[in-house]
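In what follows, a structure is listed as structure tokens, so that the remarks can point back to it.
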Amino acid sequence: MKNNGKDVVLRLEKITKSFGGLMALNGVDLSVEQGQIVGLIGPNGAGKTTLFNVVTSLYKPDKGDVYLAGKKITGKPSHQLCHLGISRTFQLVKTFLSLTAFKNVLIGAIYGHGMRGRQAREEALEALRLVGLADKKEVVTAHMTLSDRRLLEVARALAAKPLITLVDEPMAGLNPSEIINMLKVIKRARNERNVAILWVEHKVDAIFRLCDRVAVLDYGRKIAEGKPEEIAQNKKVIEAYLGKPPP
Amino acid sequence: MMKKTTKIVFLLTCLFFLSSLFFTMQQARAKDKKEILIGTHMPLSGLGAFTGEEQKWAYEQAVADINKAGGIYVKEYGKKLPVRLYEIDDESNPTKAAAAVERLIKRVKVDLILSGQVGAMGVLPGMITAEKYHKYYHGAVIWVPQFLQQHFKYCTMYFMDPGQGAAMVFEVWNSLPEKDHPKRPALFLEDTFDGKTIGNVMESLAPKFGYKFVLRLTMPMGAKDFTSQILKAKGAKVDGIFCMSNVPEAVTLVRQMKENRFSVKAFQGFKGTWPSNFYKSLGKDADYILCDGFWSIDYPYKGAKELGERFYKDFGRYSTNVGMYYAVAQILWQAIEKAGTLDDLKVRQAVLDNKFETVNGPADYDERGIALFPLGDNQWLNGKRRNIYPFDLAKYKIMVIPPWDKR
Amino acid sequence: MLQEPLKRKTHLSIALALVFFFVIYPLLVDAEASYLVFLFYTAFMYVTLSQGWNIAAGYAGQVSLGQHAFFGIGCYVTAITWRAGTAGYLDPLAMLMSGAGAAVVAIVVGLPLLAKLRGDYFALGTLGLGEILRVAALNGGSFTEGAAGISIPSDVYQSIKPYYFIALLISVLTMLSLWFIAHSRIGLALVAIREDETAASANGIPILRYKILAFTLGAFVTGLCGSLNAYFVFHIDTTGAFNLNWVIMPILMVILGGVGTFVGPVLGVFSLIAAFELIRLLTPQLHPIFSGAFIILVTLFLPDGIMSYLTGHKNRLLHKLSPFKWLALNK
Amino acid sequence: MTTFPSASVFFQVLINGVLLGCMYGVAAIGLSLIFGTMRIIFLAQGAVMILAAYCIYWMATLSPINPFFGFLLILPVFLGLGWIMYKGLFQKVAKAGANPSLLLAFGLMVLLEHVMSLIWSPTTRSVITSTSTSSLTLGSINISVTRLIVAAVALMATALVFLFLKKTMLGKAVRAASEDMSAAALLGISPTYVSAVTFAIGIALAGVAGVAACITYPFDPFFGFLFSLKALIAVAFGGLGSVGGPLVGGVMLGVLESMSAYTFSAGWADAVAYAAFLLILILRPEGMLGRRSIEKV
Amino acid sequence: MANHLLEVKGVNIFHGDAQAVWDVSFHVDEQKIVALVGANGAGKSTILNAISSIIRPSGGDILFSGNSTVRLKPEEVVAMGISQVPEGRRIFSCLTVLENLELGAYPANKRPYLKESMKRALSVFPVLESRMGQAAGTLSGGEQQMLAIARALMARPTLLMLDEPSLGLAPIFVSRVFDTIQALNKEGLTILLVEQNVFQAMEIADYAFVLQTGRLKMEGTTEELRGNPEFQHAFLGIMG
């Protein structure tokens, strides 16, 4: 599948998902190309995380399909999706608390990508280096700060050598200097690994700074998609999301 | 990190634990024999606890009585030796019963073992363990086929014959006037080996006495509701019941029979209906119900009456059980004296070779190590068990149960 | 989990010395008359049972309350094949078959349970399994001989030594395989599943497969113990085989020692057995009362287990593993 | 398989199941309350029930007081007992987590059982009341009066717990604390106080269940454990989303048991109950009345 | 001195073996908005929890209107007039909105005023009135934050502590929340605000204390701090 000359890594087709009476996602289309960073923004409860959970098969969509590199993957178990090339991080950080940073990333390398032995260890170290946690590799994650754990999740997701990584609010709870660091890490990840990144974020300025394209969700619908500059000007987005335009 | 001192204290405690185990285990058998150490295990807690209490009492009486007489004369030591009893609670658990016998043999280092209780729950695992270590297990309360299956060389058994027990039930029913014979009897059986064994024997012997059971119902152990069974029996027009269960189940069954207005002409209970608590729990509703008895205070044997009254003095009730346990001990004491030694095989041989007089009548073991005594039957009336069987010893005759609304 | 090489060496030598001690002990004393030999035999059984529970509960976070089902299956498979003459006395093949029987049931039951139920619900489900099997065996007709149970003549019995050594071997093998698993990629996956199933799955760990692996392995060694027990007691019935004791005691021992630790359960087994023995010795009549009191005292003063007391690390696992936290009033 | 010969037999079996289920239900309420706030399985609940039963037994044999007064007497006594138990034993251990609490409850169960068997001997006891074997007759259906009383008690206990949790400030605090202990503390709700209150109520309810059990069944010191297992299943059946869950679960269990005992075999009734329990766990883990919760990721 | 409503004096706090807060002293004056800012893990929430007596400091003292609170239980602190809106809202999602609010007035000395407090809380957040019977879990994120603040107001506090009120909220709600805080302050409520959204916090606060890895780094009025290059470097970074 080509789109503007580049490979489409992830494509969502008319994803619909409701909980009880609440329509969390309503016919959402989205595609991400190789090496692209796509931002996904929207007010609270717009369905961003639900979309992630549908892509990673934590929820089954009511309608619609998910395609990875042109192949339909809807409803395949989470761990298979990881083998096929989708890895992710979590809004509420989910590192394995009793394990060291190194072992956390090792799990990504071994189980996410199927590497073994020395190769897996090297890959894990490399991923830790990429996010700047190489010197903390023997620290048990329970003793790490939130910022380090967020970075660790990114490293773990990258160690699986994915085609696409879904990052879910990697900056929530971080302070500005940590946010800068996270921005650098995400940029570096894309540049060094040529991995596609689908990125849910609340910090709109951060998204605008880095993303190639931005999609906006509101009440389960995609209300806009385009370059950051375009989105920033989009009236619908501003009204639905940012409220009154800033003076 | 914790402090070093606490760690040391902890290690010392562990050391204390272990060393105390070691030391107590190294009591060698003294050359100079001062007493005869008899071990036993009993269900003092758990499902069999209700019989364990009486067994404990009977054994302790037997020991006290023989010691009052100066002990048992053992030729090998040339003197009378007093008897000491070492009891372990096996919690009605077969695994714990086996472990209890291991402990009796290896740690307490008893000379001989007196029977535990309740067949597969205690006696059988106990016997198997004793057999392994070639220790004589003077057993009781186990069914003959179960005993024979194991080809025991170091065990003997003293119990009733299930066939005889079943025959007793039919003979007692037949002693009713012809019109009151239960025409459509049913079996209510607990889901244990006891229930199954006696149920099978009852069914196979029934035609010989002109009976046929129309229903065979299960009473699961610990169940709290038997209405379904009662309704089935009612539907099948059952007019006689044979029930093998524990006390709580028997009590619940009778209560619910009354609640459901279900009357029968004869109700023969085994195991669950003899304890005096059965009557206490039901009051007058327990009247006319038949219960088996391993023994009766009314037996004309030496010491029977005296023993029964002693029990009454201690517990304020009568027992149909203690005589049997007392007899088990009596046989062992006599056998030790006759063997003139505490050697396991020789004592067992003495048990096989001799005839014994007990409070439960004469006991005569066959060459397989089995002695059977006849079962008794009693009928509850006004809080008393009236002995109605064996017919030649019994003072009373069976009465038909009046329907609930005519009582 | 990683220890420094030097420390690991000392640990290894302590372990070897202990095993060596246990191997020669019955040869030094009159094994047949030694109560301690029997006690050690029991302890080895419980070490295996405890680790069998610990691997699924402590490492993978799947708290099973149905280990007595596997123990009972082990007992019955051995007793049935033995009675039928297909297996002999202390037949290694029959023992393996018993373990395999338990493992097969673990897979068959584990598939729906582990796929559908998260941790705490799973605990309750397994409790039901044990009871269902008990009733099935009770109503099993001539195959299980119902309430009567299966009796095998005990006259083949020669000595306690083979039992002692087999139990020792099984427990050492269990410990070894646990050690290797804990230090391999499998152990990594199990811990990840325990810590966070969603994250584990998202990172490519086939969680169902690994949960079943841990559960089945635990069932297998538990079945082995059941088999050995059948050979030891010569009479298998539902009360003995499916006794709740076989699940409660190992859990007590693991909690006492330290959940999810490697050495903890062993310490738990030996200290609980030693304590109960000592209490029996001092008050043969009242021992259940004092044993109950002992458990209460331990939980009051050693709530995180002996291992956390020795190492000073609080055992956070206990909080994670609450088997019944799902019963929250307002979920 | 046996089929029902007539509608009246069917209703008789049904009613018996409901009444039996009320017995399980009353035992389950206390359990679920303690689970709810402290997140522990209180294994000693059965033993506490039997303790109450012995108290009534004593009262009934030593004094002329009607055993039915036991319901009123047991409540304050066991409320106090529960308070002491929590303050003396569980308060410290509860902080350490659920497993030590489970262990503690197990130790307490062993201790209580054997102390009771030491004091009252292990023989079966029972309490005879004025209604012990009387029954009402409706057409061809017989209904045990004692069991009707137990059912009424179960309904009343459920209603009281419901009112307590929904209408009183303390009850709301209990619900809040069971959802988020530390957030509750920030509002001035003392976690230890709330836990102690809940525990005491749980014990008091166990006491009530004990009174209900002892006027219905003969008992011994070891009778309680089986009962707490059944109560546990009742709790899982009903689910804990609602206060009525334990009672509904108990009734479902009771009906299932008596139906399968009649149509199938009493020997399999337990297995059927457990199998249904497994099935419900797999198909509707939140219980029949519980609300499904969506996991937050 | 006299109008220091809250005074934290040389407080040290440990998490197990690790020291999280080192000798921190600061004060909150009556009727002011004071911001406590700092990077994640700086110990801000820890200090709030120490003030609420959820954690006990191992050294130093905390004075409220001149009385020490460190030996008090959490419920006694609430009764004295300190309420905390915890991080992440922590409303009771299975209880109704009404029940959540009622529990806010749980302390015995607050209960008599329940009706009055309810009226006031609803006048601050009229949105909640229509949702009273609804389970709190069904509210949107912004409404939940309002509920959390309203619940804290039910205890009629003299000092309201807010822990990260903007966390996870869309900007439109963030500004609404900050407006409300300002309005409450105008009515006379003293506010201690912990915030990662430094901009917004500095916008409304009178005075700020900056924490870095458990130590107090600097303090000053918001104007002073904005002009301080060191402060800008640490927090405003790219965002400026």
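Residue numbers (the working numbering), protein chains in the order written: chain A, 9 to 255; chain B, 2 to 408; chain C, 107 to 437; chain D, 268 to 564; chain E, 812 to 1051.
No residue lacks a Cβ here, since even glycine has one placed at the ideal position from N, Cα and C.
Computed from a predicted model, the values in this text were never measured in an experiment.
With distance defined between alpha-carbon atoms, name the residue in the options nearest to residue i.
| i | options | result |
| --- | --- | --- |
| VAL522/D | VAL344/D, VAL285/D, SER449/D | VAL285/D |
| PRO178/A | VAL62/A, ARG137/A, ILE49/A, LEU133/A | ILE49/A |
| LEU122/C | LEU274/C, LEU358/C, ASP302/C | LEU274/C |
| VAL170/B | LYS34/B, VAL329/B, ASP378/B, ARG256/B | ASP378/B |
| THR82/A | ASN61/A, LYS102/A, LEU100/A | ASN61/A |
| PRO178/B | TRP405/B, PRO404/B, ARG408/B, MET400/B | MET400/B |
| THR907/E | LEU925/E, GLY871/E, GLN955/E | GLN955/E |
| ALA167/A | LEU191/A, VAL212/A, ILE94/A | ILE94/A |
What are the residues that DSSP puts in a beta bridge with residue i?
| i | result |
| --- | --- |
| LEU405/C | The sequence given here has Thr at residue 405/C, not Leu. Partner(s): none; THR405/C has no beta bridge. |
| PRO391/B | The partner list for PRO391/B (beta bridge, DSSP) is empty, contrary to what the question assumes. |
| THR108/A | VAL148/A |
| CYS156/B | TYR138/B |
| PHE825/E | GLN830/E |
| PRO363/B | GLU358/B |
In three-state DSSP terms, what is residue i?
| i | result |
| --- | --- |
| ASP302/C | coil |
| SER879/E | strand |
| LEU310/D | coil |
| GLN391/C | coil |
| LEU182/A | coil |
| HIS381/D | helix |
| ASN322/B | coil |
| PRO186/B | strand |
| MET222/B | coil |
| MET123/A | coil |
Does the CB of residue i have a neighbour CB from chain D at under 8 angstroms?
| i | result |
| --- | --- |
| PRO409/C | yes |
| PRO371/C | no |
| ASN245/C | yes |
| GLY234/C | yes |
Please decide whether residue i counts as near chain C, where near means a Cβ-Cβ distance under 8 angstroms.
| i | result |
| --- | --- |
| LYS57/B | no |
| ILE549/D | yes |
| PHE544/D | yes |
| LEU107/A | yes |
| GLY196/B | yes |
| GLY534/D | yes |
Using a Cβ-Cβ distance under 8 angstroms, would residue i count as near chain A?
| i | result |
| --- | --- |
| GLY310/C | yes |
| GLN1007/E | yes |
For chain B, check one thing: does any of its Cβ atoms lie closer than 8 angstroms to the Cβ of residue i?
| i | result |
| --- | --- |
| PRO334/D | no |
| THR154/C | no |
List, in order along the chain, the chain F residues whose C-beta lies closer than 7 angstroms to that of residue i?
| i | result |
| --- | --- |
| THR405/C | Chain labels in this structure do not include chain F; the protein chains are A, B, C, D and E. |
* If we count Cβ pairs, one from each stretch, closer than 8 angstroms, do we get three or more for the region 264-281 of chain B versus the region 209-216 of chain B? -> Not touching, per the Cβ criterion.
* Using 8 angstroms as the threshold, is the region 425-439 of chain D in touch with the region 865-882 of chain E, meaning 3 or more CB pairs across them? -> Short answer: they don't touch.
* Asked: Is there contact between the region 482-498 of chain D and the region 200-207 of chain B, where contact requires at least three CB pairs shorter than 8 angstroms?
  -> No: fewer than three Cβ pairs fall under 8 angstroms.
* Is the region 97-116 of chain B touching the region 324-340 of chain B, taking contact as three or more C-beta pairs under 8 angstroms? -> Between the region 97-116 of chain B and the region 324-340 of chain B there are three or more inter-stretch CB-CB distances shorter than 8 angstroms, so the stretches are counted as touching.
* At least 3 beta-carbon pairs within less than 8 angstroms: the region 912-920 of chain E vs the region 443-459 of chain D -> Result yes; three or more Cβ-Cβ pairs closer than 8 angstroms.
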